[in-house]
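Chemist:
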Amino acid sequence: MAVSETANGSSLRHAFGNVLAVFILLMIGVLAFSIRLFSVIKYESVIHEFDPYFNYRVTQYLTKNGIYDFWNWFDDRTWYPLGRVIGGTVYPGLTLTAGTIWWVLNSLNIPLTVETVCVFTAPIFSAFAAWATYLLTKEVKGPGAGLTAALLLAMVPSYISRSVAGSYDNEAVAIFALIFTFYLYVKVTLSVVLLCQACSNSLELRHGVARNAKHLPLHLHQKEFDLDSS
1 MAVSETANGS SLRHAFGNVL AVFILLMIGV LAFSIRLFSV IKYESVIHEF
51 DPYFNYRVTQ YLTKNGIYDF WNWFDDRTWY PLGRVIGGTV YPGLTLTAGT
101 IWWVLNSLNI PLTVETVCVF TAPIFSAFAA WATYLLTKEV KGPGAGLTAA
151 LLLAMVPSYI SRSVAGSYDN EAVAIFALIF TFYLYVKVTL SVVLLCQACS
201 NSLELRHGVA RNAKHLPLHL HQKEFDLDSS
């Protein structure tokens, strides 16, 4: 009875800890998104600097003309007077991501402009980057360290300067993709290690049972027989 009550109390604490961690992560995501909106609140929703505006032009061309024309687009206004083959020289990840978001929203009858999507891409993915940091650090050090790392990434000034609203550059998506790739690598590596350890332990146990079967109690002999029969 006491063991059952202890198990129930432990499961309740575990469930409460999971709910609390999810709530804290949501607050961190809101924080990461909101503190990058100061330029929009203070001024207006515009694209900043030269490279972000070029990326905005590329995304606008993609949404208007499609993926095939994008890959074969020669822009005579870039690197003037030589021009530039955009599809073969640009990093397409940022453009395809924002273009896909715009297409999905318009398919759901949410008529946002391409410029609006580009302006808010960086703040949105900064929240995703904070959550990816939590997942990565949790795999290595635990949930507490993961929440701390996510909060620090959400507020670090060097990252804010590259992911503020209107800063539509490659870092807006690349930092999230980089951290999430590290998380998947660590997750797969730990899973493979655990699988190898489990296989090794099972083979070692099987070998030990087969080698020392005569020293085992009768009920273990019966269990070994049942396993072989099944």
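Start counting the sequence shown at 1; every next residue gets the next number (the UniProt record's numbering). C-beta atoms are modelled at their ideal positions from N, C-alpha and C, and glycine is treated no differently.
Tell me the DSSP secondary structure of Val46 in three-state form.
Modeler: DSSP places Val46 in coil when its eight states are reduced to three.
Chemist: From Val117 to Glu44, what does the alpha carbon distance come to, in whole angstroms?
Modeler: In a straight line, the C-alpha of Val117 is about 14 Å away from that of Glu44.
Chemist: Would you mind giving the Cβ-Cβ distance between Thr133 and Ile179, rounded to the nearest angstrom? I have them listed as a contact below 8 Å.
Modeler: 6 Å between Cβ atoms; contact.
Chemist: Which residues share a DSSP beta bridge with Phe16?
Modeler: Bridge partners of Phe16: none, in fact.
Chemist: Do you know offhand how far Val19's Cα is from Asp75's?
Modeler: Whole-angstrom Cα-Cα distance: 51 Å.
Chemist: For Pro186, which residues in the same chain have their Cβ closer than 6 Å to its Cβ, ignoring the five residues on either side in sequence?
Modeler: The identity of residue 186 in the sequence shown is Val, whereas the question assumes Pro. Cβ within range, chain order: Glu139.
Chemist: Counting beta carbon pairs with one atom in the segment 19-31 and one in the segment 50-69, are three or more of them shorter than 8 Å?
Modeler: No, the segment 50-69 does not touch the segment 19-31.
Chemist: Please classify Phe38 as buried or exposed, where buried requires at least 16 other C-beta atoms within 10 Å of its C-beta.
Modeler: When all chains shown are included, Phe38 counts as exposed.
Chemist: Is the Cβ of Gly66 closer than 7 Å to any Cβ of chain C?
Modeler: Of the chains in the structure shown, none is chain C; there is only one protein chain.
Chemist: Tell me the DSSP secondary structure of Arg162 in three-state form.
Modeler: If DSSP states are grouped into helix, strand and coil, Arg162 belongs with the helices.
Chemist: Does DSSP classify Asp69 as helix, strand or coil?
Modeler: The answer is helix: DSSP assigns Asp69 an H, G or I state.
Chemist: Whose C-beta lies closer than 6 Å to the C-beta of Glu171 among residues of the same chain, with five residues either side of it excluded?
Modeler: Contacts found: Arg162.
Chemist: Does DSSP put Arg84 in a helix, a strand or coil?
Modeler: Of the three classes helix, strand and coil, the one that applies to Arg84 here is strand, per DSSP.
Chemist: Taking all protein chains shown into account, decide if Gly99 is buried (16 or more other Cβ within 10 angstroms of its Cβ) or exposed.
Modeler: It counts as buried.
Chemist: For Ser11 and Val22, I'd like the C-alpha separation in whole angstroms.
Modeler: Ser11 and Val22: Cα-Cα distance of roughly 17 Å.
Chemist: Helix, strand or coil: how does DSSP classify Asp51 here?
Modeler: Note: Asp51 maps to helix in three-state DSSP.
Chemist: For the alpha helix (DSSP H) that Trp79 lies in, which residues bound it at each end?
Modeler: Neither: Trp79 is in no alpha helix (DSSP H) and is coded neither H nor E.
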